[in-house]
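Novice: Protein chains in written order, with the working numbering: chain L, 1 to 217; chain C, 1001 to 1264; chain E, 2001 to 2300.
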Amino acid sequence: MEPVLDNLDLYVSGFWRSLEIVLWAAAGSLALGILLAAFRVSPVPVLQRLGALYVATIRNTPLTIVLFFFAFGVPAAFGVTWDFFALGTVGLVVYTAAFVCESVRSGVNAVDAGQAEAARALGLTFRQNLSLVVLPQALRTVVPPTGSVIIAMIKNSAVVGAIGVSGDLFSAYRRMASALGYERLPSIAGTAVGFLVMTLTAGAILMVVERRMAVSR
Amino acid sequence: MLRRVTTPEGGATGRTPTSREPLVVMSGVDKHFGDLHVLKGVDLVVGRGEVLVVIGPSGSGKSTLCRTINRLESIDGGSITIDGAELPAEGKELARLRSDVGMVFQSFNLFAHKTVLENVTLGPTKVRGVKKADADRRGRELLERVGVGHQADKYPAQLSGGQQQRVAIARALAMEPKVILFDEPTSALDPEMISEVLDVMTDLATSGMTMVVVTHEMGFARKAADRVVFMADGELVEQADPETFFTAPRSPRAQDFLSKIFTH
Amino acid sequence: MRTRSLTLAAGLATGALVLAGCGGDDSGSGGSETEPTVAEAPEFAEGTTMAEIAEAGSMTIGTKFDQPGFGLQGLDETPDGFDVRIAEYIAGQMGIAPEDITWTEAPSAQREELLENGDVEMVVATYTINDERRERITFAGPYYVAGQQILVASDNDVIAGPEDLADNPDQVVCSVTGSTPAENIREYLASPGQLVEFGIYDDCISALDNGQVQAVTTDNVILTGFVAGSEGAYKLVGEQFTEEPYGIGIEKGDVEFCEFVNEALQEAADSGYYEEAWTATAGQFEGTEVPDLPEPDECV
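#1: Please state whether the Cβ-Cβ distance between E2239(E) and G2161(E) is less than 8 Å.
#2: How is I1055(C) classed by DSSP in three states: helix, strand or coil?
#3: Looking at chain C, which residues of the segment 112–127 of chain L have a Cβ within less than 7 Å of any of its Cβ atoms?
#4: Verify the CB distance criterion: does M1103(C) have a CB-CB separation below 8 Å to chain L?
#5: From E2251(E) to I2086(E), what does the alpha carbon distance come to, in whole angstroms?
#6: Beta carbons nearer than 8 Å to chain B: which residues of the segment 50–81 of chain L have them?
#7: In the DSSP output, what is G1123(C) paired with across the bridge?
#8: Could you name each continuous beta strand (DSSP E) segment of 3 residues or more that falls completely within the segment 1131–1210 of chain C, going from the start of the chain to the end?
#9: Step through the CB atoms of chain L and report whether any lies within less than 8 Å of the CB of E1090(C).
#10: Evaluate N2130(E) with the Cβ neighbour count: other Cβ atoms within 10 Å of its Cβ, from every protein chain shown; 16 or more gives buried, anything less gives exposed.
#11: Can you give me the C-alpha to C-alpha distance between A1152(C) and V1116(C), rounded to a whole angstrom?
#12: Taking 8 Å as the cut-off, decide whether the C-beta atoms of A2140(E) and A2166(E) are in contact.
#13: So which residues on chain L does L2195(E) lean against when the C-beta distance must stay under 7 Å?
#14: Quick check: what's the CA-CA separation for M2122(E) versus V2290(E)?
#15: If we define contact as Cβ-Cβ less than 8 Å, is T1186(C) a contact residue for chain L?
#16: Can you tell me the Cβ-Cβ gap for Q2194(E) and V2172(E), rounded? I've got them flagged as a contact below 8 Å.
#17: For G1047(C), which three-state DSSP category applies?
#18: Below 8 Å between beta carbons is the criterion; list the residues of the segment 2168–2193 of chain E that meet it against any residue of chain L, in chain order.
#19: Can you tell which of E2263(E), G2272(E), L2075(E) and S2154(E) has the C-alpha that lies nearest to the C-alpha of D2297(E)?
#20: Using a Cβ cut-off of 8 Å, pull out every chain E residue sitting near R175(L), in sequence order please.
#21: From L169(L), I188(L), V165(L) and L135(L), pick the residue whose C-alpha is nearest to that of A177(L); which is it?
#22: Is A98(L) closer than 8 Å to R59(L) when the C-beta atoms are compared?
#23: Assuming A1232(C) is part of the beta strand (DSSP E), what are its boundary residues?
#24: Listed in chain order, which residues of the segment 130–163 of chain L have Cβ atoms closer than 7 Å to some Cβ of chain C?
#25: Beta-carbon within less than 6 Å of L200(L)'s beta-carbon, same chain only, minus the 5 sequence neighbours each way: which residues are those?
#26: 8 Å is my cut-off, CB to CB: does G1123(C) come that close to chain L?
#27: Just confirm the distance between the C-beta atoms of V94(L) and V66(L), as a whole number of angstroms; I'd bet it's less than 8 Å.
#28: Evaluate the contact criterion for the segment 2172–2187 of chain E versus the segment 2204–2224 of chain E: three or more CB pairs, one atom per stretch, below 8 Å.
#29: Short of 8 Å Cβ to Cβ, which residues in the segment 22–46 of chain L face chain C?
#30: Listing by chain order, which chain E residues have their CB less than 9 Å from the CB of S18(L)?
#31: Using the rule of at least 16 other Cβ atoms within 10 Å of the residue's Cβ for burial, across every protein chain shown, is F1033(C) buried or exposed?
#32: Near V1038(C), which residues of its chain fall below 8 Å by C-beta distance, leaving aside the five closest residues on each side in sequence?
#33: Closer than 7 Å, Cβ to any Cβ of chain L: which residues of the segment 2205–2223 of chain E, in chain order?
#34: Check distances from the C-beta atoms of the segment 1148–1172 of chain C to those of chain L and list, in chain order, the residues that come in under 9 Å.
#35: I need the straight-line Cα distance from L1122(C) to R49(L), nearest angstrom please.
#36: Under 8 Å between C-beta atoms, does F84(L) make it to chain E?
Next comes the structure, spelled out in structure tokens:
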């Protein structure tokens, strides 16, 4: 582990860069995923189909293709000149949102239909119905699978380093092993530890949230 | 409370639909579930202040009829108006109209993640925009009225079925609706809890609330109804005041139905 | 089915060669102007490599087939470029005419093996001299010093060299992840975020086309290839800011042959052939400068 300790600043700055990607992507994919799930359970057929199409397309496309599409396809087609950090993060959001959508939707479906019906009968709008009645109850079933989706996303964020984002945790490994000529095993181990810190922390937060929800009610 | 007390607008003669101001008007309502024709051109008028009981064998379409009135079920043909306004398609307009139509479900459908009091105040605060303090005060009054005042801070799962259904009635009342729909409100209850719910409903009928009640409780129909509608195979077969209906049903199908019920 | 797919593959390969040939024409059309002098019946000491080759009347040389400006195979299956011209001159000094040379492709990873196995007598293939390789083979030369440079779009007038990067933090530079050029450029940047890294240079070029990066940096030889294929869309700017000497690989320990090659290189420079060869090949691309023949290393 000596090479890692000698270049600890490289890994530490890589960790913060990766964490930045992960936090943005988590916030974005949760927001977009919940919106998509709302589309899929909405009473409007057009929105339902839109949501279903999104999930079918994105969920069945390899992540690297989605990322390269955002890195090169979108800029070429629409003249967008965002930096690769933004493009990569957006790509990760778009990809992860499909999975968040499905875990939220399955949670919503697990809520008894009578709950939504009673809310409708009271005169709540679709949005109120979702936000006040259905989603709060879906939350308990939604949190564990969504947590898994987010942990998978943290790991997937390593791939963002392959589309131009430099200075992230995975780039740190490649820089160590190729350009700086250190041995590969300790170099990759340092990167692995960085990701473990993120995924294990996410797992711990998830456990606390789950336990909290189990206590209430 | 043994007999229905006459209401100001109703009166003893107010048992025929024509003599009341029409509140719910269904005309030529058609509804299919796939190949099944569940409502066949139903015409029905519910007057203001009227207590209408819908009975009939299972599969007759009576529950569907009830659910079309606040558009929990959409209809394929005909029209339904409430207080003169036609039911709109999905959207804010429909939500507003629904808020004037209370509904009590067979399986209670209390919001499982909210306390009893929150169940009752959710509609007034979120739909009507009533201040929380006012909604709470009114909510506690209503819970008191249906006999579950001391359960206000519990969650629905901690209550018995009968208590839950009474909370559901309070929840509907909190919206001060023009009419309340009861979709087999006692069918999911243990026998010993049925009467506590029926008592509340009878009280309500006495107070002049317009009610459409789908039920198998013939005792309640006799006691509280202004009019009984008998449905079979998606059609209104017969309607009459309860006395006439239960003692001298005209149609063979109603006779058959009643004979089966009362031999048990 | 099998025959058909083979035919298809052959067709694709031909297509690729046609494309490659187009680039080759650009870089090598001046071939006839700089014919190497072919010595008539040169005399060499008995037992030397030169004597053996002269007696055989032909020789086999390894070079790159895919490096525009240095060694790129054209339609006639003969490669052309600066490396090829240099090799032809050396062969000529042993009485071998260009048509008597057999060219063998020498990809980077196979160059030492080709020499060790005796498959080729000489390798001239953008072959950077370093101590690790000297363990296995002997280098004559160097005949050229490559170095890291910067490629930008032709209309870019902001970046004229690596020094301009720090003053223009909005000008993003791209290189290959974990590569030495990526490492070298870091000291010139305003912030680490000014460097973008991809797995291959083609992705850097795509990003340049999209306007997502404004510069690409690596060895000038690789960049020259992209300039060659761009029809004027790109140019090289600034001086080379690193040094990579290219040598001529021969069998390990053949000091006599090494010294002969060094003399031949000197003659090529003195006669003007070296400059002409450069101008006709790699020198055709904007941003390249005519090099001087570097001082030879000691033959070991």
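The beta-carbon is built from N, C-alpha and C at its ideal position, and this holds for glycine as well.
Computed from a prediction, not measured in an experiment: that's the story for all the values here.
Specialist: Taking the coordinates as given:
#1: Yes.
#2: strand
#3: G114, Q115, E117, A118, R120, A121, L122, G123, L124 and T125
#4: yes
#5: Their Cα atoms are separated by approximately 18 Å.
#6: The structure shown contains no chain B; its protein chains are L, C and E.
#7: G1123(C) pairs with nothing; no bridge assigned.
#8: 1179–1183
#9: yes
#10: exposed
#11: Between the alpha carbons of A1152(C) and V1116(C) lies a gap of roughly 5 Å.
#12: no
#13: S166
#14: 24 Å
#15: no
#16: 6 Å
#17: strand
#18: V2172, C2174, T2177, G2178, S2179, T2180, A2182, E2183, P2192 and G2193
#19: E2263(E)
#20: Per Cβ cutoff of 8 Å: T2177, G2178, A2182 and E2183.
#21: I188(L)
#22: yes
#23: R1227 to A1232
#24: Those would be L132, V133, P136 and Q137, in chain order.
#25: none
#26: Answer yes: the Cβ-Cβ gap between G1123(C) and chain L drops below 8 Å somewhere.
#27: 6 Å
#28: With the cut-off at 8 Å, the segment 2172–2187 of chain E and the segment 2204–2224 of chain E touch.
#29: P43 and V44
#30: None at all; the shortest Cβ gap to chain E is about 14 Å.
#31: exposed
#32: K1031, H1032, G1061, T1064 and G1234
#33: S2206, A2207, N2210, G2211 and Q2212
#34: Y1155, A1157, A1168, R1171 and A1172
#35: 31 Å
#36: yes
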